[in-house]
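*Asks:*
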Amino acid sequence: MAKILVLGAGIAGHTASALLKKKLGKKHEVIVVTPNAYYHWIPSNIWVGIGRMTVDQVRFRLDQRYKKAGIEYKQAKAVSFHPEGDHETEKGFVTIEYTGQNRVGEVEKVTYDFLINATGPKLNFEATEGLGPGKFTESVCSYDHAHEAWKKLQEAYKKMEAGLPQKFLIGTGHPTATCQGAAFEYIMNVAYEIKKRKLSHLADIKWITNEYEVGDFGMGGAYVKRGGYITSTKIFAESFLKESGITWIKRAGVTKVESGKVHYERLDGSFGEETFDFAMLIPAFSGPGFTAFNKNGENITEVLFAPNGFMKVDADYTAKPFEQWKASDWPNTYQNPAYENIFAAGIAFAPPHSISKPMKSPNGTPIFPAPPRTGMPSGVIGKIVAENIIEWIKSGKPQMKHRASMAKMGAACIISAGYGLIGGAAATMTVSPIVQDWDKYPEYGRDINYTMGEAGLAGHWLKYFMHYMFLHKAKGYPFWWLLPE
Ligand SMILES: Cc1cc2nc3c(=O)[nH]c(=O)nc-3n(C[C@H](O)[C@H](O)[C@H](O)COP(=O)(O)OP(=O)(O)OC[C@H]3O[C@@H](n4cnc5c(N)ncnc54)[C@H](O)[C@@H]3O)c2cc1C
């Protein structure tokens, strides 16, 4: 009997554990360790953050789901990795600390034959002074943050209803933050809701971003086919902002927040300040800060993890200038090079480098987006990691036939504004591949036939439909396995 330990129950971890259990059945053990009692469909946080969905519409309890599937669930957080075991335990294990199940604070060693690390990002608010909920800005990165943002947004609406002008600042809260797409979707929704309430004349809405150009989205921008023409995501994104009356500050790395004011450094080395009444700024992401030890208890954290805390996989991590980056730098199987039975899926894997061109201000501050790893690639990576492990267990040897390089995979991104079936609109973009391959596609870096952008109500319906479809799949409702990642 093989024992597979999955850390995390987000898009990547949940996809992997559900598939492993379905295909391996009762003969093998699948254990999930995750600190939260709920599965959480993160993309719909945007709707929680504008008060169009409740927290309970974007989450469900994991205990019932896992019990039904026959997956062992430990509500706990992973703390340290011991891939060689120790003097008492022969097998590799992970030390976990319980956060629920009436065992809070209890520590346990969980051994495994195969380990999937799918722990996503740590929301690193501490990297920017004054940033984040409980300090001076809001976030939509988790459902409780999004709910808090909605409460603050209502206060701003009330002030405008009383005739008081309000300033909204939305974007990235760190010089190398990523997830511009989510922040962009949020600003479009805030602008839409304000307009719907006929309060636009009292609202100053501003986008602040570390992108070199608006529309970079952490993927170095893209050329997209739109209505038969080829246009850049810069034009695409700028037109959306302009049409909604939103102004923007680009090439800006937010370094500090005070009550009602952000401080930022521009890529040209100058410094700026911007005041706000309401701010939603995405923090930097890092790995959760795990440590790793060998059999003798010596620290081997740098063998398993990159300096940013994400797990090393089969990527080419050789430091090289932007001009020498290749599509082949990106990982295929997400297997750790030092320990073949350890994998990292979703945001948990360390990318070889960014996708956007790295930029530094004359003061030496890097100001550019870190590489995003959105839901679709996270789900696909979770799936192929599970498939490789399943075949390995069934055949008794590693075959690693399933591969999912972000430099070969396409992704769809829908930035939808408004809620419901008849109101709102969306910008729908597909990029293929996610990471540019300049050798294969010398003109645009991507396949222009599959890299498209459209505006309209259809994308909005799709986003709405995806909320229900992906929650159906995650809950393990009938025929869940037929639904795509
Ligand atoms: C507001 C917002 C909107 C978004 N919208 C979209 C969108 O429209 N389309 C899209 O494609 N992508 C979107 N994304 C990105 C998408 O949500 C992520 O790509 C995806 O959630 C990544 O999946 P993951 O499984 O790697 O990480 P996560 O979903 O973050 O899951 C990580 C899991 O690990 C657990 N964990 C954390 N620490 C530990 C620990 N120490 N031990 C064990 N478990 C741990 C967490 O509790 C969680 O269960 C959005 C992101 C945000 C923030």
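For the sequence shown, the working numbering begins at 518 and goes up steadily by one. We put the beta carbon where it would ideally sit given N, CA and C, even for glycine.
(1) With distances taken from CA atoms, which of Met705, Lys742, Asn880 is nearest Leu784?
(2) Going by other Cβ atoms of all chains shown within 10 Å of its Cβ, with 16 needed for buried, is His599 buried or exposed?
(3) Got a sec: does ligand 1 put a non-hydrogen atom nearer than 6 Å to the Cβ of Gly637?
(4) Which complete beta strand (DSSP E) runs does the segment 768-837 hold, if anything under 3 residues is left out?
(5) Please state whether the Cβ-Cβ distance between Pro495 and Glu678 is less than 7 Å.
(6) Name the DSSP beta bridge partners of Trp765, please?
(7) DSSP three-state call for Gln841: helix, strand or coil?
(8) For ligand 1, is there a heavy atom less than 6 Å away from the beta-carbon of Lys504?
(9) Measuring only the C-alpha atoms, how far is Ala754 from Lys980?
(10) From this set, Ala529, Ile704, Ile613, which residue's C-alpha is nearest Ala593's C-alpha?
(11) Going by alpha carbons, who is nearest to Ile799 out of Val549, Phe734, Ala855?
(12) Taking the CB atoms as reference points, tell me whether Ser534 and Val550 lie closer together than 7 Å.
(13) Using a 10 Å radius around the Cβ and a threshold of 16 neighbouring Cβ atoms, would you call Arg578 buried or exposed?
(14) Could you tell me if Thr695 is buried or exposed, where buried requires 16 or more neighbouring beta carbons within 10 angstroms of its beta carbon?
(15) Please confirm if the segment 769-776 is in contact with the segment 711-721, defined as three or more CB-CB distances below 8 Å between the two stretches.
(16) Ignore the nearest five residues each way along the sequence and tell me which others in Leu821's own chain have a CB closer than 8 Å to its CB.
(17) How do the segment 835-854 and the segment 692-707 stand: do at least 3 beta-carbon pairs fall below 8 Å, yes or no?
(18) Quick one: does the C-beta of Thr636 sit closer than 6 Å to a heavy atom of ligand 3?
(19) Would you say the beta carbon of Met893 comes nearer than 6 Å to a heavy atom of ligand 1?
(20) Under a Cβ-count criterion, where at least 16 other Cβ atoms within 10 Å of its own Cβ denotes burial, should Lys957 be classed as buried or exposed?
(21) Which one or two residues does DSSP pair with Lys639 in a beta bridge?
(22) Grab the span of the beta strand (DSSP E) containing Thr532 for me, first residue to last.
(23) Should His604 go down as buried or exposed, given a rule of 16 or more other Cβ atoms within 10 Å for buried?
(24) Regarding Thr818 and ligand 1, is the C-beta to nearest heavy atom distance less than 6 Å?
(25) Once the 5 residues before and after Gly896 are set aside, which same chain residues still bring their CB inside 7 Å of it?
(26) Would the beta-carbon of His557 fall within 7 Å of that of Tyr660?
(27) How close, in whole Å, do the beta carbons of Pro883 and Asp846 come, if the pair is a contact with beta carbons under 8 Å?
(28) First and last residue of the beta strand (DSSP E) that includes Tyr555?
(29) Mapping the DSSP letters down to three states, classify Glu760 as helix, strand or coil.
(30) Just the C-alpha distance for Ile864 and Tyr555, rounded to the nearest angstrom, thanks.
(31) Between the segment 958-973 and the segment 737-748, are three or more C-beta pairs nearer than 8 Å?
(32) For Leu536, count neighbouring C-beta atoms within 10 Å of its own C-beta (all shown protein chains included) and say buried if the count is 16 or more, exposed if not.
(33) Within 10 angstroms of the Cβ of Tyr629, are there 16 or more other Cβ atoms? Answer buried if so, exposed if not.
(34) Touch check for the segment 571-589 and the segment 982-996: three-plus C-beta pairs under 8 Å?
(35) Grab me the residues of Lys751's own chain with a C-beta within less than 7 Å of its C-beta, minus the 5 sequence neighbours each way, in chain order.
(36) For the segment 611-690, which segments carrying the alpha helix (DSSP H) assignment without a break, of at least 4 residues, lie completely within its bounds, in sequence order?
*Replies:* Reading off the structure:
(1) Per the Cα distances, Asn880.
(2) buried
(3) yes
(4) 769-775, 778-783, 788-792, 795-799, 801-803
(5) This structure gives no information on residue 495, because the portion of the chain shown stretches from 518 to 1002.
(6) Trp724
(7) helix
(8) It is not possible to answer for residue 504, since the shown part of the chain is limited to 518 through 1002.
(9) 18 Å
(10) Ile613
(11) Phe734
(12) no
(13) exposed
(14) So Thr695 counts as buried.
(15) The segment 769-776 vs the segment 711-721: no contact.
(16) Phe598, Pro600, Phe807, Ala809, Met828, Lys829, Asn853, Ala855, Tyr856, Ile859
(17) no
(18) This structure lacks ligand 3; its bound ligands are ligand 1.
(19) Correct: Met893 has its Cβ closer than 6 Å to ligand 1.
(20) exposed
(21) Ser803
(22) Thr532 -> not in any beta strand (DSSP E); alpha helix (DSSP H) instead, spanning 528-541.
(23) exposed
(24) no
(25) Ile528, Ala529, Thr532, Glu1002
(26) yes
(27) Actually they do not touch by this definition, with Cβ atoms about 19 Å apart.
(28) For Tyr555, the enclosing beta strand (DSSP E) starts and ends at 555-557.
(29) Three-state result, Glu760: helix.
(30) 19 Å
(31) yes
(32) buried
(33) buried
(34) yes
(35) Once the five neighbours on either side are set aside, the close Cβ partners of Lys751 are Glu730, Val731, Gly732, Gly738.
(36) 660-678
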